[in-house]
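In the UniProt record's numbering, the protein residues as written are 1 to 781. We treat Cβ as the ideally placed atom computed from N, Cα and C, and that holds for glycine. Report on the following structure.
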């Protein structure tokens, strides 16, 4: 038999392989494409019959690879490529081989921009009028990605592309992000054949909560071994691209690379931060002016561009104390190191793609920010971003003791608002303010050497993130489909930008675009912008209401930075634009307007796997439960009861933990003694330690927490903790302060371990329990 098998193998290996089916003359309006009809011949036996294998779907001939890069929370005035103070040589190289766009816009906040980017529809059409954690039960705001808005990945995959995504994914409803799904609205449920990254708005760059496809995975190295998420993402993406090209080099790919950088926490290796020591001591007022001067010199902005003034709510640099200036400069050095580090690793990815045999026929679209710079660090900056998002301000004094650690793995640091304002130069405001370009104007670079004939030039047509999807479709020669998987598609709202590639001076084709998130709103129409500001973005509670909204008017054809308000001069023009905004808002599901923030996070109507439950029982090994799917124990009386088998040796390890270095609680055993530790935003750590060792064998341990009344003067007031072993009290103590609403963005509840960054500094992850856990019950009182 062996000779026969060898002969058959030889025959199989030497037979001519049929060419991939012709990609031309195919109706691609309905996806997936229907099965090809059989065109062979069938007789009673194989003799005289003719085969006709269904062949893989192929894109149109010459369709390019596509690399879509999205950086997080980066302002127009940050990267040196667009005149900013932070060198970005990799982005410079890409711009030199392509084109820069200086009138490109996002939605001013994360999830909405990403939904619009990946579908070509306005964010409210996709249910993403806000981030997933703030969703409300209206068509424009529920955060449930509709099947009628197919992603770029779905369309390209069904047209013969390989598809993969890396990094941040903030478009799965908060209640669907656990390891048991459902996975319909994860990347792999929306057309991406491979995903490596994290769910949610932010994560530690040193201890990220990672998924490969839909499976939780732990980071391959520790920070002490040199781990950083951006480098890990780049390594994995390069490896996937090389693998894909090795196996199927004739098949184009669509890669979506969305870094967690430069979103808080602002984490960068110390050697990268040190590169910028002393470079921001002049302060945000001066840096902003220096940025505009460079922008003018480079031709990034018109020579007559005015620098918009500092808002009265932001202090001038000269008014700050010496300690504040020293602290705030360090915060900005950490951010600069973060961006420079990001640029380097994204550059490695770009270089790897350009080295491919078909590298020049790779369309690279690099969006330098999903919105403007973030003000979430508050006026003082913070070493714990989650603390400020819980409504608890940091102080200069509280941060000074930690100043040398800013940017490292111990802290969730974020710079003060003044640096966000500087990073939006020359525009007004920043992230979460779509009424003004500080929130929505982001640098864009498109590089496609096979098609771009005037590399290194500027494009100034007004465009929006919804225009990226149709641009990719036109470049690939693929129509936006009418139906996908039997679902009629919402028409694409975007306008292809491909015309700008061949004609730099072509008249812009986007004549109208609305903007809205958090009640802030604006409308662009034929060179004019009407804008309605709805309050400073670092105040996260309360509503300003909409009865007395002040509208502003700008002629951006002449006023690049929106510096001159013409509302009083041209009231009729303002009324015209307000009417257009109302039309667009009605058309695209923008209403009802809602300017609340923290209150929406507590929306009790949102789908939930925990609502109505007071008793939760967890089996051993249950890990990576996101906070949105964990028992809501915040400022609430509750008990944690664990049935364990200690064994015959001195016990150690975690029984249950939730959260991480940014905040949380852990019930663990240290040298045989039961310990409950509460981490209040890294600022205060309270331990309750049992007086006696755990006995051997089977044991029941309990932590009982009694919440004290919450007061206006102490919104983070804590309570009393009692530890018992086999029903006998072994410790009692006070936890002065507890987290009001959320421990972290991506840390989790883990049984028998503490994954990611650890709640306690007494141990390192995972610190698994040495004995056996039968079950852990959490009861809300």
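Quiz item: By Cβ distance below 7 Å, which residues in the same chain neighbour residue 35 in space, the five residues on each side in sequence not counted?
Solution: 54
Quiz item: Is the region 105-124 close to the region 485-496, with three or more CB pairs under 8 Å?
Solution: yes
Quiz item: Residues in its own chain within less than 6 Å of residue 744 by CB, not counting five upstream and five downstream?
Solution: 386, 659, 660, 662
Exercise. Output the distance between the C-alpha atoms of residue 87 and residue 262, rounded to the nearest integer angstrom.
Key: 14 Å
Exercise. Look up residue 228 in the DSSP assignment and say whether it is helix, strand or coil.
Key: coil
Exercise. Taking only the alpha-carbon atoms, compute the straight-line gap between residue 647 and residue 772 and give it to the nearest angstrom.
Key: 8 Å
Quiz item: In this structure, what does DSSP give as the bridge partners for residue 69?
Solution: 257, 366
Quiz item: Where does residue 216 fall in DSSP's three states?
Solution: strand
Exercise. Would you mind sorting residue 29 into buried or exposed? The rule is 16 or more other CB atoms within 10 Å of its CB.
Key: exposed
Quiz item: What span of residues does the beta strand (DSSP E) with residue 700 cover, start to end?
Solution: 698-707
Practice problem: Check the C-beta distance from residue 211 over to residue 442 and give it rounded, since I have them as a contact under 8 Å. | Solution: At roughly 27 Å, the Cβ-Cβ gap does not stay under 8 Å, so residue 211 and residue 442 are not in contact.
Exercise. Please state whether DSSP places residue 236 in a helix, a strand or coil.
Key: helix
Quiz prompt | Contact set for residue 121: own chain, Cβ-Cβ below 7 Å, skip 5 residues either direction | solution = 149, 466, 490, 492, 493
Practice problem: Pick out whichever of 352, 344, 264 has its Cα sitting closest to the Cα of residue 431. | Solution: 264
Exercise. Kindly list the residues whose CB is nearer than 6 Å to the CB of residue 561, restricted to its own chain and excluding five residues on each side of it in sequence; keep chain order.
Key: 305, 306, 308, 426, 427
Self-check item: Beta-carbon spacing of residue 784, residue 254 below 8 Å
Solution: Limits of the chain in this structure are 1 at one end and 781 at the other, which puts residue 784 out of reach.
Quiz item: For residue 381, does the count of other Cβ atoms within 10 angstroms reach 16, so buried, or fall short, so exposed?
Solution: buried
Self-check item: Closest Cα partner of residue 574 within the set 524, 310, 542
Solution: 524
Quiz item: How would you label residue 177, buried or exposed, when you count the other beta carbons within 10 angstroms and need 16 or more for buried?
Solution: buried
Quiz item: Within 10 angstroms of its Cβ, does residue 285 collect 16 or more other Cβ (buried), or is it exposed?
Solution: buried
Exercise. Kindly indicate which three-state DSSP category residue 186 falls into: helix, strand or coil?
Key: coil
Quiz item: Can you give the Cα-Cα distance for residue 201 and residue 666, rounded to whole angstroms?
Solution: 24 Å
Self-check item: For residue 513, the first and last residue of its enclosing alpha helix (DSSP H)
Solution: It is not in any alpha helix (DSSP H) - residue 513 instead sits in the beta strand (DSSP E) that spans 512-517.
Quiz item: residue 643 lies in the beta strand (DSSP E); which residues open and close that run?
Solution: 638-645
Quiz prompt | Pairwise C-alpha distance: residue 97 and residue 452 | solution = 8 Å
Self-check item: Limits of the beta strand (DSSP E) - the one that residue 209 falls within
Solution: It is not in any beta strand (DSSP E) - residue 209 carries neither H nor E in the DSSP assignment.
Practice problem: For my contact list, residue 267 and residue 206 are in at a C-beta cut-off of 8 Å; report their separation, rounded to the angstrom. | Solution: 6 Å
Quiz prompt | C-beta atoms of residue 341 and residue 415 nearer than 8 Å | solution = no
Self-check item: Contacting residues, own chain, Cβ-Cβ under 7 Å from residue 474 (five flanking each side not counted)
Solution: 496, 498
Exercise. Identify which residue in 509, 650, 755 has its Cα closest to the Cα of residue 692.
Key: 650
Exercise. Look at the Cβ atom of residue 472, then the Cβ atom of residue 57, and state whether they are nearer than 8 Å.
Key: no
Quiz item: Using DSSP with H/G/I as helix, E/B as strand and the rest coil, what is residue 356?
Solution: coil
Self-check item: Helix, strand or coil at residue 198 according to DSSP, with G and I counted as helix
Solution: strand
Quiz item: Which residue's Cα is closest to the Cα of residue 103: 559, 633, 572, 720?
Solution: 559
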